Structures are given as C-alpha cells and as structure tokens.
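Working notes, beginning with the structure itself.
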C-alpha cells in the first residue's frame, strides 16, 4: 500500500506562524536619535518566514467519516484539518496515549479538504500521513477517547468496552478503559483516593486485568519495553490489593491520558490493532512534494 513519506524541515526548534514579518531595521524616534552613533549597516532587509508545515488535499463528500493519521518517530507531530473554505475544522497533537496525531471526523460538506502536517516543537524529520474512510472500530475508539478527554469517564468506559467487542487485539483500548475506570473512581469515590489500594476491589481487579491484557498484546506486536513497563504497573496494583495504603506509595493522578510525560515508555503504544498507519488504508491522492 502506497504511503506518503516526507521530511519536515527544522528551524532551530522555533514555531513559526504564517505572515510573521522579520526585520532587522529599527524605526521610531529613539532609532533616529541614536542613528548617528551606529556603525554603517552591512545588511538591511525585510523577509517573510514560511510556516513549517506541509499540506495535502483530498476530496471528501458530506456525511463521510474519515480517519487522518500523522505518524513520526523523529518528532512530535501535530495534525490539522481545513475545510473547503480554508477554515480550520479541528486539530490533534497526541492521540490515544501516543505522541502521534489522529483525527476521526464526519465531513459536513462535499469539497476539497486539506490535511496539514506540522511539528509541535518546530523540529523536523521523516513522517507518514494517511487519509482513509474510518472503520467502525476507529469511530468507536475515537468516541471513547473523546469522552475520556472531556472527563466523561463513565461513557468512556462503555465506549472502550464496545471498541474491544469489535476488535480485541488493540492494546490502546484496554489502556484507555483502565485509565477511565481509575479516573471515574477518583471522581466518584466517597473517600479520598491517594493510592491504588484505595480503589474498590472490583475496579482494582478490572484495571489489573486490562493492564495485563494490553501488555500481552504489546509483546505480541514486538513492543517489549512497553509490555514490561505495563506488567510492572499491573504488579504494583496487585501488590496494592494485598496490602493497606501507605503514605510513601505513588499517588493516582486524574486523567493521565491528557498528558504524555517524559517518563512514559519510549516505545509508542499503537492505537490501531495492526500497529497504526500503513495497513489496509487509502493513501492521499498525489505524490509527495
């Protein structure tokens, strides 16, 4: 299956916006007063810095549900979708517990849409971008993820469970459900939850089971580092279920899915059953620039 692969240029880690005009000449009264004290300028020039982004067009029809994925192992990608009139419809930075970007959206009108690839930090590198009609699983998983981001954790648990019913080979769905269960308990508990041992036993057992299942799936996909990390997490929860809470145990933070910390496993957790971009998909029309 053909994929679009490109390399995004780097501008010393700076984020650039369209229309920014850089000038090295000073103007105003203060500049006139001190002009005589300056040495003769070797260069005076106005310029315009282009945005560090690549745009790809595709044709869409009203009512279509599309999946757009942007993946890179060299930088933190940011994905944006523009409508036929050029307006920004939506954007995504991190999706489903990974640094990669995914948009699942129902198109509101027929026309030419633009998928815009950029970098969060301004760094560049190789990437893959892909547009395809959304599968039923992708739509349900996206709904679950959006529920969790909006802190509607009860509906998130239900939607992740529905996604697992459709396809039980995606570790991301088990992780999302486990985290949503933790956050739901955190928000609804009548007692303060500071450690896993404070969780109700049924929730604790369900979280451990989801972590262990996700770890097994990750190992099957070759993500051994992420699998080992998850097994350690599951073991910590198992130990909590066998002993009372201690003040020195790590505390639970609400909604970990909204923040990917620098301490997270370096190996990305796939959001697709087959590992993400590049399998059974329809590439964007046209050649890479």
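Residue numbers (the working numbering): 38 to 326.
Think of the CB as a built atom: it goes at the ideal place given N, C-alpha and C, for glycine as much as any other residue.
All of these numbers come straight from a predicted model, not from anything done at the bench.
Going by C-alpha distance, which of 114, 256, 274, 105 is nearest residue 135? The residue given as residue 135 occupies position 98 in the chain shown. Per the C-alpha coordinates, the member of 114, 256, 274, 105 positioned closest to residue 135 is 114.
Any chance the CB of residue 231 is under 6 Å from a heavy atom of the ligand NAP? What this structure holds is no ligand at all, so the ligand NAP is not there to describe.
Buried versus exposed, by CB contacts within 10 Å (16 or more), residue 83: Position 46 of the chain shown, counting from 1, holds the residue named residue 83. It is exposed - the Cβ of residue 83 has fewer than 16 other Cβ atoms within 10 Å.
Could you give the distance in angstroms between the alpha-carbon of residue 94 and the alpha-carbon of residue 201? Here residue 94 corresponds to residue number 57 of the chain shown, with the count starting at 1. Here residue 201 corresponds to residue number 164 of the chain shown, with the count starting at 1. Between residue 94 and residue 201, the C-alpha separation is close to 33 Å.
Mind checking whether residue 277 and residue 233 have CB atoms under 7 Å apart? Locating residue 277 in the chain shown gives position 240, counting from the first residue. Locating residue 233 in the chain shown gives position 196, counting from the first residue. When the beta-carbon positions are compared, residue 277 and residue 233 come within less than 7 Å of each other.
Between which residues of its own chain and residue 199 is the CB-CB distance below 8 Å, once the five residues before and five after are set aside? Numbered from 1 along the chain shown, position 162 holds the residue referred to as residue 199. Excluding positions up to five away in sequence, the list reads 177, 181.
According to DSSP, is residue 162 part of a helix, a strand, or is it coil? Counting from one through the chain shown, the residue named residue 162 turns up at place 125. Residue 162 carries a strand assignment under DSSP once its states are collapsed to helix, strand and coil.
Take residue 145 and list the residues in its own chain whose beta-carbon comes closer than 7 Å to its own, dropping the five residues that flank it on each side. The residue given as residue 145 occupies position 108 in the chain shown. If we look at residue 145 and ignore the five residues flanking it on each side, its Cβ neighbours are 99.
Leaving aside the five residues before and after residue 314 along the sequence, list all residues of the same chain whose C-beta is less than 6 Å from its C-beta, in chain order. Along the chain shown, read from residue 1 onward, the residue named residue 314 stands at position 277. In this predicted model, residue 314 has a pLDDT of only 38, less than 50, meaning its place in the structure is not dependable enough to derive any value.
On a CA-only basis, which of 235, 255, 92 is nearest residue 274? Give me that one, please. Indexing the chain shown from 1 puts residue 274 at position 237. The residue with the shortest Cα to Cα distance from residue 274 is 235.
DSSP state of residue 122, grouped into three classes? Counting from one through the chain shown, the residue named residue 122 turns up at place 85. Coil.
Quick check on DSSP: helix, strand or coil for residue 183? As a working mapping, residue 183 is identified with position 146 in the chain shown. DSSP, reduced to helix, strand and coil, places residue 183 within a helical segment of the structure shown.
Nearest-angstrom Cα distance between residue 290 and residue 183? Working through the chain shown from its first residue, we reach residue 290 at position 253. Working through the chain shown from its first residue, we reach residue 183 at position 146. Only weak support is given to the placement of residue 290: the predicted model assigns it a pLDDT of 46, under 50, and the value that follows is read from those uncertain coordinates. The alpha-carbon atoms of residue 290 and residue 183 are separated by roughly 19 Å.
Could you check the C-alpha separation between residue 244 and residue 260 for me, to the nearest Å? Along the chain shown, read from residue 1 onward, the residue named residue 244 stands at position 207. Along the chain shown, read from residue 1 onward, the residue named residue 260 stands at position 223. The alpha-carbon atoms of residue 244 and residue 260 are separated by roughly 20 Å.
Does the structure place the segment 148 to 159 close enough to the segment 111 to 125 that three or more beta carbon pairs sit under 8 Å? The segment 111 to 125 vs the segment 148 to 159: in contact.
Measuring only the C-alpha atoms, how far is residue 230 from residue 196? Counted from its first residue, the chain shown places residue 230 at position 193. Counted from its first residue, the chain shown places residue 196 at position 159. Spanning the two alpha carbons is a distance of roughly 24 Å.
Terminal residues of the continuous beta strand (DSSP E) containing residue 107? On the chain shown, residue 107 is found 70 positions in, with the first residue counted as 1. Segment 102 to 108, the beta strand (DSSP E) holding residue 107.
On a Cα-Cα basis, can you pick out the residue from 191, 271, 205, 130 that is closest to residue 223? Locating residue 223 in the chain shown gives position 186, counting from the first residue. Closest by alpha carbon: 191.
Looking only at C-alpha atoms, which of 92, 247, 77 sits nearest to residue 205? As a first step, residue 205 is located in the chain shown; it is residue number 168 there, counting from the start. Per the Cα distances, 247.
Mind checking residue 225: buried by the 16 CB within 10 Å criterion, or exposed? Sequence index remark: in the chain shown, residue 225 carries index 188 (1-based). Looking at its Cβ environment, which holds fewer than 16 other Cβ atoms inside 10 Å, residue 225 is exposed.
Can you tell me the Cα-Cα spacing of residue 133 and residue 79, whole angstroms? Within the chain shown, residue 133 is the residue found at index 96, counting from 1. Within the chain shown, residue 79 is the residue found at index 42, counting from 1. Distance between the alpha carbons of residue 133 and residue 79: 52 Å.
Where does residue 237 land, buried or exposed, given buried means 16+ other C-beta within 10 angstroms? For the purposes of this step, residue 237 is identified with residue 200 of the chain shown, where counting begins at 1. It counts as exposed.
Just tell me which of 150, 129, 241, 188 has its CA closest to the CA of residue 215. Within the chain shown, residue 215 is the residue found at index 178, counting from 1. Of 150, 129, 241, 188, the residue nearest in Cα terms is 241.
Applying the 10 Å Cβ sphere with the 16-neighbour rule, what's the burial state of residue 148? Against the chain shown, residue 148 aligns to sequence position 111. By the 10 Å Cβ count, residue 148 comes out exposed.
Within 7 Å, strictly: CB atoms of residue 92 and residue 118: The residue labelled residue 92 in the question sits at position 55 within the chain shown. The residue labelled residue 118 in the question sits at position 81 within the chain shown. Not in contact: residue 92 and residue 118 (Cβ atoms no closer than 7 Å).
Note down the Cα distance separating residue 208 from residue 137, rounded to an integer number of angstroms. Counted from its first residue, the chain shown places residue 208 at position 171. Counted from its first residue, the chain shown places residue 137 at position 100. Answer to the nearest angstrom: the Cα atoms are 16 Å apart.
For residue 250, does the three-state DSSP call read helix, strand or coil? The sequence position of residue 250 within the chain shown is 213, counting from 1. If DSSP states are grouped into helix, strand and coil, residue 250 belongs with the helices.
Which same chain residues, not among the five before or five after residue 255, have their C-beta less than 6 Å away from its C-beta? Position 218 of the chain shown holds residue 255. For residue 255, where only same-chain residues beyond five positions count, the Cβ hits under 6 Å are 208, 263, 264.
What number of angstroms, rounded off, separates the C-alpha of residue 253 from the C-alpha of residue 218? Within the chain shown, numbered from 1, the residue matching residue 253 stands at position 216. Within the chain shown, numbered from 1, the residue matching residue 218 stands at position 181. Distance between the alpha carbons of residue 253 and residue 218: 20 Å.
Coil, strand or helix - residue 243 by DSSP: Here residue 243 refers to the residue found at position 206 when the chain shown is read from its first residue. In the three-state reduction of the DSSP assignment, residue 243 falls in the helix class.
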